[in-house]
Amino acid sequence: MDMRYVEFALAHPFFYDRLDRHGATGVYELDDDAGRQHWTQDTADGWRHLHPPHTELPEQGWKVHVSATLENAPTVLARVSRYCVRHALAFKFRPGRADLLRINLKYADRGSSGKFITVYPPDEHTCERVLHELDALVGGLDGPYVLSDLRWKDGPLYLRYGAFRPMLVLDEQDRLVPAVRRPNGSLAPDPRLPGFSPPAWVRLPPFVTSAREQLANSGGSLSGHRVIEALHFSNGGGVYLAERLRDGARVVLKEARPHAGLGPDGSDAVQRLHREHEQLRRLADVGSVVDVTGHVEHSGHHFLELEHVPGRSLSRETAARHPLTRADMTPEDVAAYRDWALDITRQIERAVAGIHARGQVHGDLHPGNVIVTPQGSIRFVDLEMSCPVGSSRPAVGGAPGYTAPDGRTGIPADRYSLACLKLALFIPLTMLLPLDRRAAGRLVEEAALRFGLDPSWSAAVLRELDGDHAVGDECVQVRDLVHEWPIDSADGVRRLESAISQGIWESLDLSRPHRMFPGDIRQFTHDALSIAHGACGVLLASRHGDRDAVLNRVETALHGLSPRPGLLDGITGIACAMDDFGRASVADRLYQEICTLPFDRLPGDLYGGLAGIGVGLLHRLDRVRDHQITDAIEAIRAVLRGRAHRETRSATQAPGTPPSPRSRPSGLLHGPTGSALFWLCSYETSGDPADLDLAQQALAADVTACVERPDGSLQIGGSRRTMPYLGAGSIGVALVAMRLLHHVDDEHLHLTVRKVIRLTRAGFTVQPGLFNGRAGYVLFLAAVLNSPFADERTRSDLIRHTRDLRLYALVHGTGIHLPGEQMLRASVDWASGSAGLLTALRAYAGAVHGLPAPAFPIPGLLTSPRRFDLTPNRSAEREFTR
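Quick note on the numbering used here: the sequence shown kicks off at 1 and runs consecutively.
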């Protein structure tokens, strides 16, 4: 799970939102200070920036971070801000308690953790003076350790070399990342690594060298342990496999960072670790609970020494065994898995009963906290949420999809988690239950049907999940529609589309330009107006409601939000949408802005880079013959052509080898397949065979990154898992390959497409979204059905996947919604939510019922390709003409 989503799930019970939007308390105010009267102030990216008049900061240098706890933050801010104003030092700070809580949560970004205030000394001499003088004011106060920095004395002051002004550069993975400038004037990536690591060319001033030596001398060794491997990281600390030096035994060290890794209740990692230590001692005689063998403190961090249990987590074991994820599943596979899963849950049920018999509650029961040994037995390995049976403390910060949404505590809360675990081993969609309590009946029914489970199993699970939770009468018709899921007729599909559109437009909030339609968390950083996660994508998919009011709001918001330039994340896509909706003057202005972009400094991908911008400009050229557009396309061609030649010379990856962790991303949105789509669209406009060669070359890079699974399907290989999806997986590769095969005859590509089609025969995929889930399967199979690749199973697989979209349907208000990325909250955006579901349903209706399909927001991906009868001199042409 991408734990960034947990933070945005805390603010609202149904949609992703910012923590400081709903129920936020505590805004940090600066003291009235006459010396700050002429300072400039602004708020951006979660910081409040203050800059003194008549001062010019250097581009980069040594900066000072000040950390704080929720309790002492007002005191720290008052002392540091007064000092900065008195000495005319630029600084910034987190403006509210919710912001400080957010960066210190258990699963927050470790690179930002602890950074409450940043001070910008203009030179090294001033920096040293600031450290000494601020230490006299706040030295020794509590605060989380800033992992990317060098601690000054006892904290909460930390030191780091980095940029003072925003600078970006393309990294090895073709991503725009924060940068610092080398001595020769070029830019280099500035990674926020968990550890003090200044750029190699930076000379360390004596005061920095001294501080680093003092810190090294005060640390010592980790009290008789040698760390072998890091098993897991969170902002609260790591989990490590280690060797105990006194006897060579393998143990697990569980780390807790003081004042960091906060739970929603404000408890830090150390408090939870001490609580877990106490509970493990109480359960020492329970055979199913991991043994605690010691407690270690090192440099202020606390470690539990735990018994090392061989095996792997139940979540990984389930993923490896589950038959519905395989294309070659047989009835025997289903029966064998059912028997294994029922045996595992019986063991867990007995173990939980043993914990309850000793007066304790587990408190955080989920598959990630259960180890399955090679012998098939189970052990509990994480009890930091455990508490006495009589405790009234509700579960806070428990695993999504396994924590009771109604606040029940004690043994009833454990029983709820156990019922979720039983269901998740068959249909792992329990994260839907807090969003729609009545979804439990649908999921239990599906599990029983697919695995032949006894009615008594269904009744027992439903009883604990409270699947008959009361709902308002206004939802009855919509729930009946979800139950029916009438996709067997064109009229039925229209009824579904109407209910989905109803949910989309009920969620509209024109007062919030950063989130007019609730969607993915990316809309809070840059995608608020975009096609992928913002308003324009929703409008292109759902042309109901007050479209003009939204378009007017988009136009207004364009002046304040500064979107990125890309097709799916920014201005290019917005321009395409405005063009489509007849807002010619806005589209013209945006296209002029696009044509002046510094193309050589942008990434090359389809999502936000040159391939997507180029595809958008080619789409514009279909409507308007414009030399400025033509020149911009030629400039993009030149940049991408140069990069393609460099990549070809440096390519060393062997066929069938998954990309290394440091290699570029793969797939349609962020990988070479997006570039292949651009070169195909360019070729279909120019007729230049060189473009076709470049399309083949780019697509071959992603085909090489695909690996064949044991079931004969083909997926893009990753360091930890393989990816089948439209956005980052092999389905996107196959769609572009199908378009390429209109122009070339390549048997290897034919075989690639057929092996990708095979993966759609699997019975289950976790997420429903267009880019990363089942809706993308539907879109792909609809395209296959209308292609020479269709076979006797294509139509039935398309119908099956479309029907199974009902499993994810959420009834909210008077409409149907879809869970977004990571399934923690609903989304109505195009890439991850119900607007994408509309696109998939219309593709299905077009393929099966013959309804007209609307235009697809990615130009060229699903439209009919142009074909050329090329003459020998055609490759010399450079004019973009038909």
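The beta-carbon is built from N, C-alpha and C at its ideal position, and this holds for glycine as well.
Proximity test, residue i beta-carbon vs the ligand ATP heavy atom, cut-off 8 Å
i    : result
N552 : Here there are no bound small molecules, and the ligand ATP is not part of this structure.
C-alpha gap between residue i and residue j, whole angstroms
i    : j    : result
L568 : A242 : 45 Å
V586 : L770 : 28 Å
S377 : D364 : 19 Å
E305 : I799 : 52 Å
R18  : L805 : 28 Å
L669 : C84  : 44 Å
S864 : I344 : 51 Å
I574 : L433 : 35 Å
G398 : A734 : 39 Å
P854 : V538 : 13 Å
R257 : F196 : 17 Å
I731 : P166 : 36 Å
L955 : T752 : In this structure the chain extends from 1 to 882, so residue 955 is not present and cannot be described.
Q653 : V703 : Per-residue confidence for Q653 stands at a pLDDT of 44, beneath the threshold of 50, marking its modelled position as unreliable; no derived number is given.
D190 : A843 : 43 Å
L851 : R795 : 16 Å
E484 : L462 : 21 Å
S660 : T722 : Model confidence at S660 stands at a pLDDT of 44, short of 50, so the residue's coordinates are unreliable and nothing is read from them.
L824 : P518 : 13 Å
R212 : V64  : 15 Å
H132 : F116 : 19 Å
R321 : V624 : 54 Å
R758 : L10  : 39 Å
F91  : A809 : 47 Å
L785 : G492 : 20 Å
D31  : F14  : 38 Å
Residue i, DSSP secondary structure in three states
i    : result
Y725 : coil
P865 : coil
F8   : helix
A884 : The structure shown does not extend to residue 884, since the chain is modelled only from 1 to 882, so the question has no answer here.
L465 : helix
E128 : helix
S313 : strand
S675 : helix
D42  : strand
S562 : coil
R773 : According to the sequence as given, residue 773 is Gly; it is not Arg. Here G773 sits in coil by DSSP.
H742 : coil
Q37  : coil
R882 : In this predicted model, R882 has a pLDDT of only 32, less than 50, meaning its place in the structure is not dependable; the value taken from the coordinates is given anyway. Of the three classes helix, strand and coil, the one that applies to R882 here is coil, per DSSP.
W505 : helix
V629 : According to the sequence displayed, residue 629 carries Ile and not Val. The answer is helix: DSSP assigns I629 an H, G or I state.
Q715 : strand
G155 : coil
Whole-number beta carbon distance between residue j and residue i, since they are thought to touch under 8 Å
i    : j    : result
S827 : L818 : 7 Å
L50  : I500 : No, L50 and I500 are not in contact; Cβ-Cβ is about 46 Å, not under 8 Å.
A701 : P672 : 4 Å
L481 : A440 : With 8 Å as the limit, L481 and A440 do not qualify as a contact, their Cβ atoms being about 18 Å apart.
L215 : P603 : At roughly 37 Å, the Cβ-Cβ gap does not stay under 8 Å, so L215 and P603 are not in contact.
H362 : S386 : 6 Å
P198 : Y161 : 4 Å
L314 : P388 : Actually they are not in contact, since the Cβ atoms of L314 and P388 sit about 26 Å apart, beyond 8 Å.
F93  : Y28  : 7 Å
C576 : G616 : 5 Å
G820 : D520 : 6 Å
L159 : D174 : At roughly 32 Å, the Cβ-Cβ gap does not stay under 8 Å, so L159 and D174 are not in contact.
Chain-order list of residues whose beta-carbon lies under 6 Å from that of residue i (same chain, five-residue window excluded)
i    : result
E229 : L241
D328 : D711
Other residues of its chain near residue i: CB distance less than 7 Å, five sequence neighbours each side excluded
i    : result
T69  : D142, G143 and H259
R553 : L510, P513 and M516
S288 : A351, G354, I378, R379 and F380
(message) I'd like to know if the region 267 to 286 and the region 120 to 135 are in contact, where contact means that at least 3 CB-CB pairs between them fall below 8 Å.
(response) Between the region 267 to 286 and the region 120 to 135 there are fewer than three C-beta pairs closer than 8 Å, too few to call the two in contact.
(message) Taking 8 Å as the cut-off, does the region 205 to 220 touch the region 630 to 643 (at least 3 CB pairs, one atom from each stretch)?
(response) Contact between the region 630 to 643 and the region 205 to 220 is absent, because fewer than three Cβ pairs lie under 8 Å.
(request) Would you be able to state if there are at least three C-beta pairs under 8 Å between the region 774 to 789 and the region 755 to 766? (result) Between the region 755 to 766 and the region 774 to 789 there are three or more inter-stretch CB-CB distances shorter than 8 Å, so the stretches are counted as touching.
(request) Examine the Cβ distances between the region 447 to 459 and the region 420 to 427 and report whether three or more of them are shorter than 8 Å. (result) Put simply, the region 447 to 459 touches the region 420 to 427. At least three CB pairs are less than 8 Å apart.
(request) Could you say if the region 110 to 118 and the region 51 to 62 meet the contact criterion of at least three C-beta pairs nearer than 8 Å? (result) No, because fewer than three Cβ pairs between the region 110 to 118 and the region 51 to 62 fall closer than 8 Å, the two stretches do not touch.
(request) Examine the Cβ distances between the region 407 to 420 and the region 350 to 359 and report whether three or more of them are shorter than 8 Å. (result) Touching, per the Cβ criterion.
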